[in-house]
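**Student:** In the working numbering, the protein residues as written are 296 to 581.
Beta carbons are placed, not taken as given, at the ideal position from N, Cα and C, and that holds for glycine.
Predicted model, so just to flag it, every value in this text is computed and none were measured.
For reference, the structure I am asking about is given below.
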Ligand SMILES: Nc1nc2c(ncn2[C@@H]2O[C@H](COP(=O)(O)OP(=O)(O)OP(=O)(O)O)[C@@H](O)[C@H]2O)c(=O)[nH]1
Ligand SMILES: [Mg+2]
Ligand SMILES: [Zn+2]
């Protein structure tokens, strides 16, 4: 693991370390105080990106002090808006900006313009929510200027399904880096979890980026079911007109959010994602 250190001598440097000894509890992105090589304590965090751990009952802090989350998706493995919507809830709840990086555009742009149009339409819902979409090709280094600009002066993190090209993007942003990437598994079309730990890298063009292992799903932590609606930012303009002040926008009569969904002022897919996320918190499942 690597931590950003802002030591007692006011110097700033990146220090590689593992989460053992007195530094236990520090995570990637933390600013820590050092005496020699030993972490004496962890500075207060600006933000925390948290998910539920593999067992489903404890918080796992993925990274600290992240300013911007890049949700990396691609032509393949298959695009899942449901995962994007979960990440957006987590980012909004943590005060982290979110952007979408759609990678591997080389796989459709020249061959199949219809395919491209289909993906553009599916992701068109996000920019009006304040979530820009970058269209990139990591292997050819195309479309990365806007990503560089978004990271400059900040701490960013690449998240998403395995095999979408997070590490390939890192390699494209740091010429000559050559971090390990791997072909998608032939059988499933999904990635094989090539990156196994979360690590922070400084970009030559400014800012720092954290590469993280691909995940299958993102379990939300410490967001009550009745608060999920607060993180669907497009609901706010309509929610004030619901009959009930505490409307969950589900079975209630005279719900202005549902009316907006029917008129497609709110994306029906986003609304369905809302219902699914809320339900998954009501009933965390096995
Ligand atoms: N055609 C094409 N393939 C790409 C592109 N970017 C990445 N790939 C390929 O996609 C595969 C997976 O890339 P990785 O960078 O390892 O993906 P990852 O998201 O880091 O995967 P995990 O570490 O498992 O989460 C590799 O075979 C890459 O060469 C791209 O822009 N175009
Ligand atoms: Mg990787
Ligand atoms: Zn309502």
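Based on DSSP bridge pairs, tell me the residues matched to residue 354.
**Tutor:** Taking the chain shown and counting its residues from 1, one reaches residue 354 at position 59. Answer is 347.
**Student:** From the DSSP output, which residues share a beta bridge with residue 506?
**Tutor:** As a position in the chain shown, residue 506 is number 211, starting the count at 1. According to DSSP, residue 506 bridges with 453 and 494.
**Student:** Grouping DSSP H, G and I as helix and E and B as strand, with all else coil, what is residue 367?
**Tutor:** Sequence index remark: in the chain shown, residue 367 carries index 72 (1-based). If DSSP states are grouped into helix, strand and coil, residue 367 belongs with the strands.
**Student:** Is residue 399 close to ligand 5? I mean its beta-carbon at under 7 Å from any heavy atom of the ligand.
**Tutor:** With respect to small molecules bound, the structure shown includes ligand 1, ligand 2 and ligand 3 and not ligand 5.
**Student:** Pull up the DSSP beta-bridge partners for residue 432, would you.
**Tutor:** Against the chain shown, residue 432 aligns to sequence position 137. BP columns for residue 432 point to 437.
**Student:** Where does residue 526 sit, in a helix, a strand or coil, going by DSSP?
**Tutor:** As a working mapping, residue 526 is identified with position 231 in the chain shown. Three-state result, residue 526: helix.
**Student:** Which residues in the same chain as residue 526 place their Cβ atom closer than 6 Å to its Cβ, once the five residues preceding and following it in sequence are excluded?
**Tutor:** Position 231 of the chain shown holds residue 526. The residues are 384, 387 and 388.
**Student:** Excluding the five sequence neighbours on either side, which residues of its own chain have a C-beta within less than 6 Å of the C-beta of residue 433, listed in chain order?
**Tutor:** Residue 433 sits at position 138 when you count from the first residue of the chain shown. Excluding sequence neighbours, residue 433 sits near 398, 460, 463, 464 and 467.
**Student:** Relative to the C-alpha of residue 447, which candidate in 561, 492 and 504 has its C-alpha closest?
**Tutor:** Position 152 of the chain shown, counted from the first residue, corresponds to residue 447. The candidate whose alpha carbon is nearest that of residue 447 is 504.
**Student:** I want to know whether the stretch 499–516 touches the stretch 341–361 - three or more CB-CB distances under 8 Å.
**Tutor:** With a cut-off of 8 Å, the stretch 341–361 and the stretch 499–516 count as touching, because enough Cβ pairs lie within range.
**Student:** Taking 8 Å as the cut-off, does the stretch 568–575 touch the stretch 362–382 (at least 3 CB pairs, one atom from each stretch)?
**Tutor:** Yes, they touch.
**Student:** Assess, as a yes-or-no matter, whether the stretch 468–476 is touched by the stretch 416–430 under the definition of 3 or more beta carbon pairs within less than 8 Å.
**Tutor:** In short, these stretches do not touch, since the Cβ pair count stays below three.
**Student:** Can you round the beta-carbon distance between residue 564 and residue 343 to whole angstroms, since I take them to be within the 8 Å contact cut?
**Tutor:** Translated into positions along the chain shown, residue 564 becomes position 269. Translated into positions along the chain shown, residue 343 becomes position 48. Actually they do not touch by this definition, with Cβ atoms about 29 Å apart.
**Student:** What does DSSP give as the partner residues of residue 398 in its beta bridges?
**Tutor:** Here residue 398 refers to the residue found at position 103 when the chain shown is read from its first residue. For residue 398, which the question treats as bridged, DSSP gives the partners 369.
**Student:** Under 8 Å, do residue 507 and residue 493 count as touching if we go by C-beta distance?
**Tutor:** In the chain shown, counting from the first residue as 1, residue 507 sits at position 212. In the chain shown, counting from the first residue as 1, residue 493 sits at position 198. In contact: residue 507 and residue 493 (Cβ atoms closer than 8 Å).
**Student:** What three-state label does DSSP hand residue 421 in the structure shown?
**Tutor:** Sequence index remark: in the chain shown, residue 421 carries index 126 (1-based). Residue 421 falls in the coil class under three-state DSSP.
**Student:** Going by C-alpha to C-alpha distance, which of 331, 428, 336 and 455 sits closest to residue 371?
**Tutor:** What you label residue 371 is simply residue 76 of the chain shown in a count that begins at 1. Per the Cα distances, 455.
**Student:** Of the choices 396, 558 and 361, whose alpha-carbon is the least far from that of residue 368?
**Tutor:** What you label residue 368 is simply residue 73 of the chain shown in a count that begins at 1. Nearest option by C-alpha distance: 396.
**Student:** So what's residue 521 in DSSP terms, helix, strand or just coil?
**Tutor:** Numbered from its first residue, the chain shown carries residue 521 at position 226. Residue state, collapsed to three classes: helix.
**Student:** Along the beta strand (DSSP E) that carries residue 462, what are the first and last residues, could you check?
**Tutor:** Here residue 462 corresponds to residue number 167 of the chain shown, with the count starting at 1. No beta strand (DSSP E) contains residue 462, which is instead part of the alpha helix (DSSP H) from 461–468.
**Student:** Using the three-state DSSP reduction, which class does residue 329 fall into: helix, strand or coil?
**Tutor:** In the chain shown, residue 329 corresponds to position 34, counting from 1. Strand.
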